[in-house]
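Trainee: Here the sequence shown stands for residues 1484 to 2022, where the numbers follow this note's numbering.
Note that CB positions come from ideal geometry on N, CA and C, so glycine has one too.
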Amino acid sequence: MIEASPPEDRSTAPDANPPLRSWRLGIVIGSLCLGIFLLGLDQNIIGVAIPRITTEFRSLNDIAWYGSAYLLTITAFQPFFGSLYRYFNAKPVYLVSLVLFEAGSVICASAIKSDILIFGRAFLGFGAAGLLQGALAIIGYVVRLDKVPLFQGVVVSSLGISVSIGPVLGGVLTDRVSWRWCFWINVPVGVFVVIAVLFFVNIKPSSTQVNHHLPLREKLKHMDAVGTVLFLGAVVSLLLVLQWGGQIYPWNDSRCIGLLVGFVSITAVFGFWEWKQGDSAIIPFRILKKRSIHMGALVLFALGMSSLTYAYYLPIYFQSAQGVSTTQSGVRFIALVLPQIVGLVIVGAIVTQWGYYVPYMILGVIITSIGAGLLTTIGVTTPTVRWAAYMVINGLGIGMAQQLPYTAVQAVLSPIDVPIGNAIAVFSYQLGGALGVAIGQNLLLSKLKITVPRNTDAVTPQAVIAVGAAGLGHLAPNVEVLAALRLAYAEALRDPLILALAAALLAFPFSCAMERLNIKRVAEKRQQMQDTIEDKDDI
């Protein structure tokens, strides 16, 4: 294997943040896991509560906004938080992000009408945009570079756990207490995370982060407010047209055409503006042009599209095609999530020991693609042993591959640029997931209009769509019609599953194009440079 030369490290002084050890490290990593768990929980817990919310607020027309408002802000503000982590200390930025997340949760939990809930979801997404980046940044400060893959795997695995628990917990809270507790539950856990980070994370100013020493006025000048607004406009236009096109409005409607034209135009202006801004841009081209950064971002974009498509549409398969309850579908989803967690932790440990990470990324993409291909074959009568085995294969591959682009960020960038690299990586994953969910919804609803008449004429496709995935039992007049509707749903769901397969396959060429670095050797070189500087200081 040919090993690329590690990047030049622009640090000029020893690190002022010695690695944490023992119980202090355990508390910090545990609190970061809880923060990421809340992030994933909020993305997955709301789905099962939406029918009850629309009934209480009489807001069926707002149903798309409960998800879109959150996805818009959490995706669009990733580069903004990347700039904050680049120019300010990671600890207070992370705490502010978490407090905003908690405030959004309180707004949602106490909403008295639909408009307030939508605003709360958008506000909550704004705060959530900084949580994963902050956790990755803090890990980079509190552990040695060669230990980063292991602890990143541990923290990122919390997302997988929340994907499994979210629908189950949301169903239980909505049925037994109130849908509002899907948001109130964030508050006590968030308070604990704030206290743990406040007292146990101590990030001192370091000369490896020269941007942190700039005057406040200079930092604000480098925040690129114009770029942030342009970026937000482009992402909003793209996600809205994918949400509306072909469903709420025809694709040839002036609103859809205007959004597409707006997306292309704003993206072009944004690219020109970022080029003119140079190193002050929210996405500096100097960083983005590094091979492992843009290829890693494309890997995460594809894996995000694939994995979040499964997160949304496999539960629909269980509840509609196989007719199980919300709680049962959450339990079944463990077949995908548990292997994902195992893959994350084991590969993180192996990379920490061996140093090479690209081979495991490629292998993980291959495995998840095999599982994705097998999942396109499931139907109404697929036995448990088959769909569970397919999910295990897919989850193991995703777990092996999805954390390693974050490891590449640590390996190819100097400490001063790592926050921007993390922002690009997290944004790519979120954008891929948001597009996957939006495109998958379009594919599913469009296909239902074909498969329902093909299987039965007792009910209309519009009626099937209106009652939702869990309402087929109430809509069907008899057992025969119910069986036909389940078959129609299974056929329609194949299109989103094919989308997930295509996204997984798309990740393969990008993973092969990553630079072949050894993170242990990069860490050793940086340690040698640090020791040399310390020796000179002693002289």
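(1) I need the straight-line Cα distance from R1869 to L1578, nearest angstrom please.
(2) Tell whether a beta-carbon distance below 9 Å holds between L1982 and I1799.
(3) Where do the ends of the alpha helix (DSSP H) carrying R1999 lie?
(4) Within the chosen definition, does the region 1965-1972 reach the region 1758-1768 through at least 3 CB pairs nearer than 8 Å?
(5) Please return the same chain residues whose Cβ sits closer than 8 Å to the Cβ of Y1732, not counting the five positions on each side in sequence.
(6) Comparing C-alpha positions only, which one of Q1802, I1595, L1879 sits nearest to V1828?
(7) Here's the rule I'm using: 16 or more other beta-carbon atoms within 10 Å means buried, otherwise exposed. How should N1925 be labelled?
(8) With a threshold of 9 Å between beta carbons, is R1937 in contact with chain B?
(9) Here's the rule I'm using: 16 or more other beta-carbon atoms within 10 Å means buried, otherwise exposed. How should I1595 be labelled?
(10) Taking the alpha helix (DSSP H) that V1942 falls in, what are its first and last residues?
(11) Our contact map puts A2006 next to D1629 with C-beta atoms below 8 Å; I'd like the distance itself, whole angstroms only.
(12) Contact between the region 1606-1617 and the region 1550-1569: three or more CB pairs below 8 Å?
(13) I1853 lies in the alpha helix (DSSP H); which residues open and close that run?
(14) Could you please give me the residues that DSSP links to Y1732 through a beta bridge?
(15) Helix, strand or coil for I1765? Go by DSSP, reduced to three states.
(16) By Cβ distance, which residues of its chain are closer than 6 Å to M1997, with the 5 residues on each side in sequence left out?
(17) For the alpha helix (DSSP H) containing I1601, name the first residue and the last one.
(18) Hey, out of G1915, T1835, G1826, whose CA is closest to I1850's CA?
(19) Would I1833 and V1638 qualify as a contact pair, given that the criterion is a beta-carbon distance under 9 Å?
(20) Are at least three pairs of beta-carbons, each pair with one atom in the region 1872-1886 and one in the region 1582-1591, less than 8 Å apart?
(21) I need the DSSP call for S1690, collapsed to helix, strand or coil.
(22) What is the DSSP secondary structure of M1706, reduced to helix, strand or coil?
(23) Within 8 Å, do at least three Cβ pairs link the region 1901-1919 to the region 1780-1788?
(24) Measuring alpha carbon to alpha carbon, tell me which of G1745, L1955, S1514 ends up nearest R1969.
(25) Roughly how many angstroms lie between the CA atoms of T1934 and I1817, to the nearest whole one?
(26) Just how far apart, CA to CA, sit G1761 and G1729?
(27) Please classify D1598 as buried or exposed, where buried requires at least 16 neighbouring CB atoms within 10 angstroms.
(28) Using the Cβ count rule (16 or more neighbours within 10 Å means buried), how would you classify S1748?
(29) Taking only three categories from DSSP, how would you classify Q1913?
(30) Among the residues of its own chain, which have a CB less than 6 Å from the CB of I1536, if the five just before and after it don't count?
(31) Express the C-alpha separation of G1831 and A1804 in angstroms, rounding to a whole number.
(32) With H, G and I counted as helix, E and B as strand and the rest as coil, what does DSSP make of T1750?
(33) If you reduce the DSSP assignment to three classes, tell me which class F1634 lands in.
(34) Please report how far the alpha carbon of K1574 lies from the alpha carbon of Y1568, in whole angstroms.
Mentor: Taking the structure as given:
(1) 44 Å
(2) With contacts defined by Cβ atoms closer than 9 Å, L1982 and I1799 do not form a contacting pair.
(3) In this chain, R1999 is not harboured by any alpha helix (DSSP H), its DSSP state being neither H nor E.
(4) no
(5) Taken in chain order, the residues that qualify are R1738, C1739.
(6) Looking at the Cα atoms, L1879 is the closest of the given residues.
(7) buried
(8) No chain B appears in this structure, which consists of one protein chain only.
(9) exposed
(10) From DSSP, V1942 is part of no alpha helix (DSSP H); its letter is neither H nor E.
(11) 4 Å
(12) yes
(13) 1841-1858
(14) G1728
(15) coil
(16) S1775, M1778, V1841
(17) 1597-1611
(18) G1826
(19) Not in contact: I1833 and V1638 (Cβ atoms no closer than 9 Å).
(20) no
(21) With a pLDDT of 44 at S1690, under the threshold of 50, the modelled position of that residue is not reliable, and no figure is offered here.
(22) Collapsing the DSSP output to three states places M1706 in coil.
(23) yes
(24) For R1969, the nearest C-alpha among the options comes from L1955.
(25) 29 Å
(26) 39 Å
(27) exposed
(28) exposed
(29) helix
(30) W1662
(31) 36 Å
(32) helix
(33) helix
(34) 9 Å
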